[in-house]
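Residue numbers (this note's numbering): 1399 to 2559.
Where is the CB? At the ideal position from N, CA and C, for every residue including glycine.
Below, the structure is given as structure tokens:
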């Protein structure tokens, strides 16, 4: 590849034949069989006039008048054998070669190298051969084949010792060779460390070489005087915008990363490619891209930075690319054109930003509508060659060898669908109305406007899904067209765009297979391309990502925590993960930005990238890749965290773990999971494929542990048949192996059987499992109707109800609140509700069995192991078989024979209903969470992150019953609905809670309205956890942010969480290389050694989680006349069912016909 910086003319060194003759005589004398081998010093002393070691150095030294020679290093020579004819060997880092060597002789004859023989200062059987090399970029025409030259240098590099002691004739055989191919260990850096220690942008107006209009834009940015901008930029944002403009208008040149800069033994700088053998005196420079990655840390205003850049360069036009022909349309004027017409043509031809100029005048009260209309009639065009022309068809007689492109001043912004509305809100928030012309395209708009219309806008905002639809007809998918239908030509490909911004741009080139969005982008002509991502790759995230896992009270200081986190990951720990991150970076560089030289290599890009920039060589040995830092610095605009903290201090972030004592039903459920694991371990004798921890059972174990983690919140996926099946296997093994089983395993198996018996003997657990409900405890429920509504069929105090039954009884009271006796018929309603619930469960189970696949692979599950799937919200899933119990039959007979007069006699009064209170829920976590949400001040908003939809469903039921207004951000909702709910949460003062799917939290969402963040369970991925927290802890947050992770105390969840915290704090392993809990041997050991939770006799009566709230939570507070407007928003509860149904959505009526919160559309 030609260098952009050429060398001077060659000063030819004269051949030093005397040097060659003396070296050959030295070799002969060293190998003489007639006498004992003399030292090199003795040989030189025998020559007339050669008396000292220094004389030998001067005699063989290259011509000092030629400054181009590079003192590359020296080769160690060892005599192989002590006889009179020893064989001298060159010592390399991987091999040895005999000396003299024909390759060296040939290189010396062609004047590529000069060598200098030097006797070891202490050993006569050792010597040093100094090597000087002449760079290839000096006088190339007179130096012979470049290919042969590089081949020789590539062969020579492994033998070169760069240490100064060897150069001076002193080395020890046992000391490893210092070589260019073995960089110093202290220079090795992980990708994470490089990313977090990149130099912060330092734009300088004095060195900026943009056009006069770009100069003015730069001044406006630096002075924070951007016309039309409402918001004030922070200083670091100003620097970022200025750096982005400088990259666009005045791109810098960076050296070829394949040829790092070195210093030779005489401190002369040179550039060396150790893999291809290229040696140069001057750097080979490439122009950096007009764009890059805006990689500022999460929550620090990347969207505002982009809007400021767009506004500062509003109306600027791209230039016609080099080697392109501008198209001049002939002008046929029937009459002499006016001065206005001529001026408009000239102005458009010059590409001046007229739009911004006229808008500035308009703001001053001067209107030039006629001039604007005339300017809009003209545009600049140029011809773009098509390098892969399509084959002509019958309709088109010749190939399309070129296309016409028009210069367009618009910026195309491509965003994930869930951020489309947020971008619109950010534009309205930060930019004066009417300043920017905005076009929004989402999936509902099927037809793309013509290119003439697109040119009229400043911003074209489009969702990524809608953008991908534009790529629908190229050479690979023409068959999609209907017969006779023309080939689709996207209007986006008919313009030369000023700028394209891809929010979360790492998703465009996130895999080896090219996405439709990337292919569509490649078809477009773009001058400036930006990717907006705070986490371009798994390892490329800010050091602050690991800080939220550190409790504020335990960290001495934030700066100290940052320093420790950086040093802990300065060196790469995992070869596998580091290589994956480098490969993701390669895809961004080669596919998305096409950065030279990597973007020019086509099929060889991946091979060459790995050769030069991978942190491990082909043999798996760790190495330093200095080109990575150069590449990232040239590509990214990012401030160090310390520099941001000087300009901006976010409100404090407090992160803590809340340890909650498990409830009685929490213990029952967790013990059932342990029953399954322990029964399997004992009965399989922990060997072969029957053992759950066998590698072939990894998928089933993953599913089991996932279910166990869900069970710490609530789980109803274990049926009575599942429990009895495990008990049957355990009892059978115990009976058949009573004499062989060890005492410890016998105890464990007995405890497992007892855990199953306790669950089956508990009517509350059986009811919750059968009806797939979460239970709630009700105090002072009307005694005459308690038995009818109870889940267990018994009138207890407090009464155990399902949340669905609680809603049903509340609905019944609401319907009859105007009657004299409000609870008349309450018993009959309860009996009917419970019978319908059981029949509905039975029908669901029957449907599930009919739709199940008999060949689903369940036979691969080890015997006795319970891997059941909890019922989903959207579709029917397996439910336990259910027979109408004798208790249910009694209820039906009871309702038929119940005299109507009894209703009146036993009817509760309003005063009695006023005493009915919600005590808590069967889930300890849900009870704690609701207590916290009820205790917050009225102006406090909270985000609750969940990992499974069933947890969200139970949360929604509880919040409905407690009249807490909420919205949900679920993966099953359409992007438009999610955006609507998010906007309502951010702007509506009555909406207090946002239930958010954890998987949806990593896409740049702005939820600064929330100051409380809850995780219903521990999260393994530290990076994803930090991204979730950053939804609230970001620019725009005015309150301290409190984060709580809920953990059941002294349970398997507790021990797994403490293990993860040790890893994230830097002890015991590299958390970043582990995808999940079971990838860590420590967690696997915890699972294997976990035992049963102790359950006391009668614990179900006293271990009742209770809500902690300033006001008692009445079950019927809204339905009664005294309950209006108390303790909560007026639109909650069943009394406002019609009003809230549209706002919150609707759950699938097939699954939960009484619910109103939308989880799917």
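{"Query": "Determine the contact status of residue 2511 and residue 2360, defining contact as a CB-CB distance below 8 Å.", "Result": "yes"}
{"Query": "Considering only residues of the same chain and omitting the five flanking positions on each side of residue 2493, which have a CB-CB separation below 8 Å?", "Result": "2062, 2065, 2066, 2069, 2156"}
{"Query": "For residue 2174 versus residue 2351, is the C-beta spacing smaller than 8 Å?", "Result": "no"}
{"Query": "With three or more beta-carbon pairs closer than 8 Å as the criterion, would you say the region 2366-2377 touches the region 2219-2226?", "Result": "no"}
{"Query": "Any contact between the region 2438-2447 and the region 2048-2060? By contact I mean 3 or more CB pairs, one from each, below 8 Å.", "Result": "yes"}
{"Query": "Is residue 1629 close to the ligand HEM? I mean its beta-carbon at under 7 Å from any heavy atom of the ligand.", "Result": "The ligand HEM is absent from the structure shown, which contains no ligands of any kind."}
{"Query": "Taking only runs of the beta strand (DSSP E) that begin and end inside the region 2402-2483, which ones reach a length of at least 3 residues, in chain order?", "Result": "2410-2413, 2439-2446"}
{"Query": "CA-CA distance, residue 1766 and residue 1760?", "Result": "8 Å"}
{"Query": "Measure the CB-CB distance between residue 1960 and residue 2039 and report whether it falls below 8 Å.", "Result": "yes"}
{"Query": "What residues in its chain sit with their C-beta under 7 Å from that of residue 1746, if we drop five residues either side in the sequence?", "Result": "1773, 1776, 1777, 1778"}
{"Query": "Take the Cβ of residue 1702 as the centre, count every other Cβ of all protein chains shown within 10 Å, and call the residue buried at 16 or more, exposed below.", "Result": "buried"}
{"Query": "Quick one: what does DSSP say residue 2523 is sitting in, helix, strand or coil?", "Result": "Low local confidence applies: a pLDDT of 39 at residue 2523 is under 50, so the model's placement there is unreliable, with the coordinate-based value given in what follows. Residue 2523: coil per DSSP, three-state reduction."}
{"Query": "My understanding is that residue 2420 touches residue 2462, with C-beta atoms under 8 Å, so please give their C-beta distance in whole angstroms.", "Result": "5 Å"}
{"Query": "Does the count of Cβ pairs from the region 1847-1854 and the region 1821-1828 closer than 8 Å reach three?", "Result": "no"}
{"Query": "Is the distance from the Cβ of residue 2390 to the Cβ of residue 2362 below 8 Å?", "Result": "yes"}
{"Query": "Please name the residue or residues paired with residue 2052 in a DSSP beta bridge.", "Result": "2440"}
{"Query": "Please go through the same chain and pick out, in chain order, the residues whose beta-carbon is closer than 6 Å to the beta-carbon of residue 2132, but skip the five residues on each side of it.", "Result": "2147"}
{"Query": "When the Cβ atoms of the region 1706-1726 are set against those of the region 1566-1579, are three or more pairs found closer than 8 Å?", "Result": "no"}
{"Query": "Anyone know if the C-beta pair for residue 2099 and residue 1592 falls short of 8 Å?", "Result": "no"}
{"Query": "Determine the closest residue to residue 2103 out of 2075, 2124, 2122, with distance taken between C-alpha atoms.", "Result": "2075"}
{"Query": "DSSP three-state label for residue 1575, please.", "Result": "coil"}
{"Query": "For residue 2177, which residues in the same chain have their Cβ closer than 6 Å to its Cβ, ignoring the five residues on either side in sequence?", "Result": "2196, 2315, 2317"}
{"Query": "Would you give the residue range spanned by the beta strand (DSSP E) that residue 1590 belongs to?", "Result": "Residue 1590 -> not in any beta strand (DSSP E); alpha helix (DSSP H) instead, spanning 1589-1594."}
{"Query": "Specify the secondary structure class of residue 1754 as computed by DSSP and reduced to three states.", "Result": "helix"}
{"Query": "Should residue 1706 go down as buried or exposed, given a rule of 16 or more other Cβ atoms within 10 Å for buried?", "Result": "buried"}
{"Query": "Quick one: grab the DSSP three-state call for residue 1822.", "Result": "helix"}
{"Query": "Where DSSP assigns a beta bridge to residue 1550, which residues make up the other side?", "Result": "Paired residue(s): none; residue 1550 is not in a bridge."}
{"Query": "Hey, is the region 1653-1670 in contact with the region 1611-1631, meaning 3+ C-beta pairs nearer than 8 Å?", "Result": "no"}
{"Query": "Excluding the five sequence neighbours on either side, which residues of its own chain have a C-beta within less than 7 Å of the C-beta of residue 2402, listed in chain order?", "Result": "1817, 1901, 1902"}
{"Query": "Could you tell me the boundaries of the beta strand (DSSP E) in which residue 1726 lies?", "Result": "From DSSP, residue 1726 is part of no beta strand (DSSP E); its letter is neither H nor E."}
{"Query": "Are the beta-carbon atoms of residue 1975 and residue 2349 separated by less than 8 Å?", "Result": "no"}
{"Query": "Could you tell me the distance, in whole angstroms, from the CA atom of residue 2514 to the CA atom of residue 2205?", "Result": "10 Å"}
{"Query": "Taking 8 Å as the cut-off, decide whether the C-beta atoms of residue 2382 and residue 2341 are in contact.", "Result": "no"}
{"Query": "Does DSSP put residue 1454 in a helix, in a strand, or in coil?", "Result": "Reliability fails at residue 1454, whose pLDDT of 37 lies under 50, so the model's placement of it is uncertain and no value is given."}
{"Query": "By how many angstroms is the C-alpha of residue 1751 removed from the C-alpha of residue 2033?", "Result": "27 Å"}
{"Query": "With three or more C-beta pairs closer than 8 Å as the rule, is the region 2183-2197 touching the region 2322-2339?", "Result": "no"}
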